[in-house]
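Quick mapping for you: the protein sequence lines, in order, are chains A and B.
With my numbering, the residue at position 257 of the first sequence is 1408, and numbering never jumps.
With my numbering, the residue at position 196 of the second sequence is 689, and numbering never jumps.
All C-beta atoms in this analysis are idealised placements derived from N, C-alpha and C, irrespective of residue type, glycine included.
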Amino acid sequence: MVLPATAFIALVAVFPVLYSIYLSFRSATVTDSGHWTGLRNYLDLLADPDFRTALLNTTVFTVVSVGLEFAVGMPMALALHRRFRFRGLARTAALIPWAFPVVVSATMWRLMLQDQVGVVSWLVRTTGISDRPILSDHTSLLVAAIGVDVWKTTPFVALLLLAGLQTVPRELTEAALVDGATAVQRFVAVTLPMLRPAILVALLFRTLEAWSVYDLFWVMSDRQLPSLSTYVYSGVRVSQLDFARGDAAAVVVFATSLAIALGYLLIFRTRTAEEG
Amino acid sequence: MRRWGGWSTVLVVSLVAWSTLPVLWVFKMSISDKVDLFRSRPVLVPRHPTGTHYATVLGDPVFRAGLANSLLIAGTTTLLCLVLGSLAAYPLARLRFPGRPALMLGFLAMAYFPTVAIIAPLFKQLRSAGLLDTYPAVIAVDTVFALPLSVWIMVAFFRKLPAELEEAARVDGASVLQTFGQVIVPLAVPGVVTAGILTFVFAWNEFLFANTFLFDQARWPVTVVIPSYASVHSVDYGAQAAATILVTVPLAAAVLIFQRRLVEGLTAGALKG
């Protein structure tokens, strides 16, 4: 009974990965598998300034937005963990931005950042922060994309962390309270270690998602701001002459994602081992 | 303790504001007329509320087709995921067999998979199979990437069901499939519903595959229509606002109705196992 699902997944996901790696070493096009070219496609990638821009944008985007989402999401989760009225309402509110399609939240924010009718542009202008149109400049577009991502996923990160907080037995924190530990001490010494699995899940999930960012950049910048994934897309789908290079970039996304995942698992395992 | 209580109220109020204010503002834009939209100083409440932007959007055949296509793609994907997923989840929850942990890990890994990594070979394969620019192509790929999540959620729910009931059914002479269909499935309805809603949201929101494998705008789901809508009607800001609101209404409704179950399902899928 498990077989149909497993076979289906293997056919559509596992085989293409292997095929993708195979193609990345060849002069492949959409219609033809080409011939063996060794590392040629990868060297082309490194030499391509567009690829380097995409790599830089994606790195900045991932580090800053995931960092901010945890910095804001953790206090949110702690606040939600307390018993209070309207807790259901707060959790519902947290789910709303998460449930929207990325293209929809990007379009909404684009409207608010728009030069003529956007309320954010107006605020930025009247407070004197900047009077340049936000949607026309690569740096401000990247900042805006980070902002929208933080808006959309911080509440979701908070919910994942909240689920972790709910697995911490109240007796433990109460015992620490009796022993005279301060709120900060209780958090660092009791709660944080127990939260490790939830943090790992949320961190892994968010980092990998941010690393393959596609729709947000695509819509926010009206296709002007490149990420690793939009680079793959333009190679494979838009200009089919660059099929092989796009495919090599896709393999880079896959390999780096794998490395990120293994890195996290390794860090979290060592920490656990150290503390016995 | 009291001080922290005050802070947490502030935080919760800001959380609600954080999530809803931008959406309310875009809703305001969607019912504002051109004069209000282009005022040099933004107004909080539109002076002459209007429905013209909604009429524009709903009058557009591409947008209407987009809604229908999204419904078709997301609906079929959900159905496939629930059938294949519940078949897989039941033995994974109940039976111990070699390779089970590896399978569960494989399903979990899929949830973290960077989908862009396989669009090149899929594009090539779909092309040679003559499936490019068809619904089945998008539905099949969406199903594969939504399936692991539905399996995880359903495994978590099936595990909580009392095993005695199945034993009783078996004593009465029911086969494994009969037990599954007549005892487990009815009991597992809450879990299946949760998995179904999450799968539907996932498929409704999918963009990369649809944008890569569908060419003809008659087949585009609404997620692909909206950005192109923003490019084509680039100055009709009111219509863009109305379009985004229309797409989010069903999702916001689902979230409001199934809030508790969704949180449970998401965290079960992510944390247990």
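Using a Cβ-Cβ cutoff of less than 7 Å, which residues in the same chain neighbour residue 1359 of chain A once the five nearest sequence positions on both sides are dropped?
Taking the first sequence and counting its residues from 1, one reaches residue 1359 of chain A at position 208. Closer than 7 Å at Cβ, skipping near neighbours: 1408, 1411, 1412.
Which residues of chain B have a Cβ atom closer than 7 Å to the Cβ of residue 1404 of chain A, listed in chain order?
Against the first sequence, residue 1404 of chain A aligns to sequence position 253. Going along chain B in sequence order, the residues near residue 1404 of chain A (Cβ under 7 Å) are 607, 609, 610.
For residue 1382 of chain A and residue 1400 of chain A, I'd like the C-alpha separation in whole angstroms.
Residue mapping note: residue 1382 of chain A aligns to position 231 of the first sequence, counting from 1. Residue mapping note: residue 1400 of chain A aligns to position 249 of the first sequence, counting from 1. The alpha-carbon atoms of residue 1382 of chain A and residue 1400 of chain A are separated by roughly 7 Å.
The alpha helix (DSSP H) with residue 1376 of chain A in it runs from where to where?
Taking the first residue of the first sequence as position 1, residue 1376 of chain A is located at position 225. Element bounds for residue 1376 of chain A: n/a, residue is neither H nor E.
Would you mind sorting residue 1427 of chain A into buried or exposed? The rule is 16 or more other CB atoms within 10 Å of its CB.
Residue 1427 of chain A sits at position 276 when you count from the first residue of the first sequence. At residue 1427 of chain A, the pLDDT of 41 sits below 50, so the modelled position is not reliable; the number obtained from the coordinates is stated separately. Exposed, because fewer than 16 other Cβ atoms sit within 10 Å of the Cβ of residue 1427 of chain A.
Use the C-beta contact count for residue 636 of chain B: other C-beta atoms within 10 angstroms, 16 or more gives buried, fewer gives exposed.
Locating residue 636 of chain B in the second sequence gives position 143, where the first residue counts as 1. Buried, since its Cβ has 16 or more Cβ neighbours within 10 Å.
Opposite residue 1347 of chain A in the DSSP bridges: which residues?
Walking along the first sequence from the start, residue 1347 of chain A turns up at place 196. Per DSSP, none; premise fails for residue 1347 of chain A.
Within 8 Å (strictly less), CB to CB, does residue 1221 of chain A reach chain B?
The count along the first sequence starts at 1 and reaches residue 1221 of chain A at position 70. No, its Cβ sits nowhere closer than 8 Å to a Cβ of chain B.
Could one say the Cβ of residue 1304 of chain A lies closer than 8 Å to chain B's Cβ atoms, at least one of them?
Working through the first sequence from its first residue, we reach residue 1304 of chain A at position 153. Output row for residue 1304 of chain A: interface = no.
Could you tell me the distance, in whole angstroms, from the CA atom of residue 696 of chain B to the CA atom of residue 560 of chain B?
The residue given as residue 696 of chain B occupies position 203 in the second sequence. The residue given as residue 560 of chain B occupies position 67 in the second sequence. About 13 Å.
Just the Cα atoms here: how many angstroms apart are residue 770 of chain B and residue 656 of chain B?
Residue 770 of chain B lies beyond the range of chain B shown here (494 to 766); nothing can be said about it.
Would you give the residue range spanned by the alpha helix (DSSP H) that residue 591 of chain B belongs to?
Reading the second sequence from its first residue, position 98 is the one you call residue 591 of chain B. Segment: none, residue 591 of chain B is in no alpha helix (DSSP H) and carries neither H nor E.
Helix, strand or coil for residue 532 of chain B, going by three-state DSSP, please let me know.
For this step, residue 532 of chain B is matched to residue 39 along the second sequence. If DSSP states are grouped into helix, strand and coil, residue 532 of chain B belongs with coil.
Chain B partners of residue 1163 of chain A, CB-CB under 7 Å?
Working through the first sequence from its first residue, we reach residue 1163 of chain A at position 12. Those are 633, 634, 637, listed as they occur along chain B.
Report the option in A:1215, A:1232, A:1182 whose CA atom is closest to the CA atom of residue 1342 of chain A.
As a first step, residue 1342 of chain A is located in the first sequence; it is residue number 191 there, counting from the start. That would be A:1232, whose Cα lies nearest to the Cα of residue 1342 of chain A.
Tell me the start and end of each unbroken alpha helix (DSSP H) in the region 648 to 696 of chain B that is at least 4 residues and wholly inside, in chain order.
Qualifying alpha helix (DSSP H) stretches, in chain order: 656 to 664, 669 to 672.
Name the chain B residues whose beta carbon is nearer than 8 Å to that of residue 1385 of chain A?
Sequence index remark: in the first sequence, residue 1385 of chain A carries index 234 (1-based). Result: empty, since nearest Cβ-Cβ is about 11 Å, beyond 8 Å.
Could you confirm whether any beta carbon from chain A is found closer than 8 Å to the beta carbon of residue 557 of chain B?
The count along the second sequence starts at 1 and reaches residue 557 of chain B at position 64. False, the Cβ-Cβ gap to chain A never drops below 8 Å.
Alpha carbons only, please: which of A:1373, A:1384, A:1352 is nearest the one belonging to residue 602 of chain B?
Locating residue 602 of chain B in the second sequence gives position 109, where the first residue counts as 1. Nearest of A:1373, A:1384, A:1352 to residue 602 of chain B, Cα basis: A:1352.
With DSSP as the reference, please indicate the residues paired to residue 1177 of chain A in a beta bridge.
Stepping through the first sequence from its first residue, residue 1177 of chain A is reached at position 26. Answer is A:1187.
Residue 1369 of chain A CB to nearest chain B CB: under 8 Å?
Numbered from 1 along the first sequence, position 218 holds the residue referred to as residue 1369 of chain A. Yes, residue 1369 of chain A lies at the interface with chain B (some Cβ there is under 8 Å from its Cβ).
Could you check the C-alpha separation between residue 1292 of chain A and residue 1285 of chain A for me, to the nearest Å?
Position 141 of the first sequence holds residue 1292 of chain A. Position 134 of the first sequence holds residue 1285 of chain A. Those two C-alpha atoms are separated by around 6 Å.
Please list the terminal residues of the continuous alpha helix (DSSP H) segment that includes residue 1325 of chain A.
Here residue 1325 of chain A corresponds to residue number 174 of the first sequence, with the count starting at 1. Taken as a continuous stretch (DSSP letters only), the alpha helix (DSSP H) holding residue 1325 of chain A covers 1321 to 1329.
Quick one: does residue 1418 of chain A have its CB under 8 Å from some CB of chain B?
The residue labelled residue 1418 of chain A in the question sits at position 267 within the first sequence. Taking Cβ atoms only, chain B never reaches closer than 8 Å to residue 1418 of chain A, which makes this a no.
Give the residues of chain A in contact with residue 535 of chain B, contact being defined as C-beta atoms less than 7 Å apart.
One-based indexing of the second sequence puts residue 535 of chain B at position 42. The answer, in chain order, is 1270, 1273.
Taking 8 Å as the CB-CB limit, is residue 1380 of chain A close to chain B?
Counting from 1 along the first sequence, the entry for residue 1380 of chain A is found at position 229. Judged by the 8 Å Cβ criterion, residue 1380 of chain A is in contact with chain B.
Please identify the residue among B:728, B:723, B:638 whose C-alpha is closest to the C-alpha of residue 767 of chain B.
Given a span of 494 to 766 for chain B in the structure shown, any question on residue 767 of chain B remains unanswerable.
Examine chain B for any beta-carbon lying closer than 8 Å to the beta-carbon of residue 1187 of chain A, and answer yes or no.
Looking up residue 1187 of chain A in the first sequence gives position 36. So, not an interface residue.
Are the beta-carbon atoms of residue 524 of chain B and residue 535 of chain B separated by less than 8 Å?
Numbered from its first residue, the second sequence carries residue 524 of chain B at position 31. Numbered from its first residue, the second sequence carries residue 535 of chain B at position 42. Result no, Cβ atoms of residue 524 of chain B and residue 535 of chain B do not sit closer than 8 Å.
Determine the DSSP secondary structure at residue 1418 of chain A, reduced to helix, strand or coil.
The residue you call residue 1418 of chain A lines up with position 267 of the first sequence. DSSP places residue 1418 of chain A in helix when its eight states are reduced to three.
Please name the residue, chosen from B:507, B:516, B:648, that lies closest to residue 683 of chain B on a Cα-to-Cα basis.
In the second sequence, residue 683 of chain B corresponds to position 190, counting from 1. Ranking the options by Cα distance to residue 683 of chain B, first place goes to B:648.
For residue 1305 of chain A, count neighbouring Cβ atoms within 10 angstroms of its own Cβ and tell me buried if that reaches 16, exposed if not.
The sequence position of residue 1305 of chain A within the first sequence is 154, counting from 1. The residue in question, residue 1305 of chain A, is buried, as its Cβ has 16 or more Cβ neighbours within 10 Å.
For residue 723 of chain B, return the contacting residues in chain A, with the cut-off set at a CB-CB distance below 8 Å.
What you label residue 723 of chain B is simply residue 230 of the second sequence in a count that begins at 1. Within chain A, the residues near residue 723 of chain B are 1258, 1261, 1370, 1373.
Going by DSSP in three states, residue 1396 of chain A sits in which element: helix, strand or coil?
Taking the first residue of the first sequence as position 1, residue 1396 of chain A is located at position 245. Helix.
Since residue 556 of chain B and residue 745 of chain B are thought to touch, with beta carbons under 8 Å apart, how far apart are those beta carbons, to the nearest angstrom?
Residue mapping note: residue 556 of chain B aligns to position 63 of the second sequence, counting from 1. Residue mapping note: residue 745 of chain B aligns to position 252 of the second sequence, counting from 1. Incorrect: roughly 19 Å between the Cβ atoms, too far for contact.
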